[in-house]
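In this note's numbering, the protein residues as written are 23 to 430.
Below is the structure:
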């Protein structure tokens, strides 16, 4: 019978490359901010539209990991232990994501038509209930509430994790964490649904979808799995991550990413087929705006590159166990997640009669916003990641993971 493996947090300290990536990300973020400021001169409305796309992507990168943290605490599983430190570092970027949201809230009148209506106009256009829900002060109130709720759950789970690393936890306290996480998953689903409605769906206040919240939840989790696979690819060939990574554990992440690619496609197609079969004027315009002109190319690219290509290539078991190949699929999915959000947000502003539905300024602004927000977010992420061990070594099941790697 083999002796139990004993490890300490110091053995799983982050490699030196974390600091290098943090510096590079910060430089990229500063360059992106400068480019955004330059391009925004005289184009404030377009800046806010592009900023909204970037915000929704990096919001998903922040709270998608929160959902997976809670899911891992509820269900267990070695796959979740491998990703836990990455997800904790991401949720610790929530305060920065809140700062990214502030320009959208301050500039809401340039983004959302309902924000400029009088009370009487709002009641006339949306009815009493709709006018009560979509109002400028409500936008602020709900936004602050969403961030407060997300921050509370993220803080609680990070606090538990830190105490576990210090050896100050026990089984009874872990059961409490499981209960909080179970409630948190339901709260996460509700808050993301309302946030996606407020911040994206209400760009067209007359249009609605019964699967809108689920689309964003699935998109955020898919983004998180793809990002995690990229991180594992960066670190799996060096200590300390190489001590726990196996083809089987990579296969777990590949299967989960594959499942959420399929789920995203299922929800997207279900929404489309229901609206197409209903053929109601107030509903079909939303899709017509997104399949006309250049937007048709974007729509087709989503079908091919967000679903069809990843789906068929990830049917291969060997590919899902090959880090060098799987990471490229993960990067493609990350890029297409951004394209999907671009397609959801931007056509609302560019489809107007004979006006060209997509212009170079919108693409440049979107790229600059992505670089600015992404660089700053990643700089903070890698700073958070570098402050603790990369693996939860004091998790009671972690030594068993190492034993499995050594004897596998």
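C-beta: ideal position from N, C-alpha, C; glycine also.
With fewer than 16 other beta carbons inside 10 angstroms of its own, residue 45 counts as exposed. In the DSSP assignment, residue 250 falls within the unbroken alpha helix (DSSP H) covering 234-257.
A check of alpha carbon separations from residue 178 across 203, 189, 64 identifies 203 as the nearest. The residue among 389, 325, 297, 275 with its C-alpha nearest the C-alpha of residue 101 is 275.
Closest option to residue 171, judged by alpha-carbon separation, among 240, 55, 211, 182: 211. Residue 56 and residue 67 have their alpha carbons spaced roughly 17 Å apart. Counting only the Cα atoms, residue 206 lies some 26 Å from residue 360.
The beta-carbon distance between residue 220 and residue 282, rounded to whole angstroms, is 24 Å. This is too long to meet the 8 Å contact definition.
Per DSSP, reduced to three states, the secondary structure at residue 362 is helical. If you check the CB distance, residue 266 and residue 413 come in under 8 Å. Taking a C-beta distance under 8 Å as the contact criterion, residue 390 and residue 47 do not qualify as a contact pair.
When only Cα atoms are considered, residue 124 and residue 423 end up about 43 Å apart.
Where residue 155 is concerned, the enclosing alpha helix (DSSP H) starts and stops at 141-155.
Of the residues 325, 280, 314, the one whose Cα lies closest to the Cα of residue 290 is 325. Here residue 108 is near residue 250, since their CB atoms are less than 8 Å apart. Excluding residues up to 5 positions away in sequence, 39, 43 lie with their Cβ nearer than 8 Å to the Cβ of residue 256 in the same chain.
185 is the residue among 91, 51, 129, 185 whose C-alpha sits nearest the C-alpha of residue 416. Counted as a single uninterrupted DSSP element, the stretch harbouring residue 417 is not any alpha helix (DSSP H), since DSSP gives it neither H nor E.
With a cutoff of 8 Å on beta-carbon distance, residue 336 and residue 280 are scored as near each other.
Under the DSSP assignment, residue 34 falls outside any alpha helix (DSSP H); it carries neither an H nor an E label.
Sequence-distant partners of residue 79 (beyond 5 residues in either direction) whose C-beta falls short of 6 Å from its own C-beta, in its chain, are 360, 363. In this structure residue 61 is not in contact with residue 133, their Cβ atoms being roughly 17 Å apart against a cut-off of 8 Å. Per DSSP, residue 175 is one residue of the alpha helix (DSSP H) stretching across 158-187. Residue burial is scored here from C-beta neighbours: residue 242 has at least 16 other C-beta atoms within 10 angstroms and is therefore classed as buried. Pairing residue 387 with residue 31, the inter-Cα distance amounts to about 43 Å. Contact between residue 244 and residue 355 holds, with the beta-carbon distance rounding to 7 Å and staying under 8 Å. Comparing alpha-carbon positions, the option among 208, 131, 369 lying closest to residue 312 turns out to be 369. Each residue's CA atom was taken as its position, placing residue 346 and residue 189 some 36 Å apart.
Counting the other CB atoms within 10 Å of its CB gives residue 328 a total of 16 or more, which places it among the buried residues.
When only Cα atoms are considered, residue 234 and residue 199 end up about 29 Å apart. For the pair residue 88 and residue 173, the Cα-to-Cα distance works out to about 10 Å.
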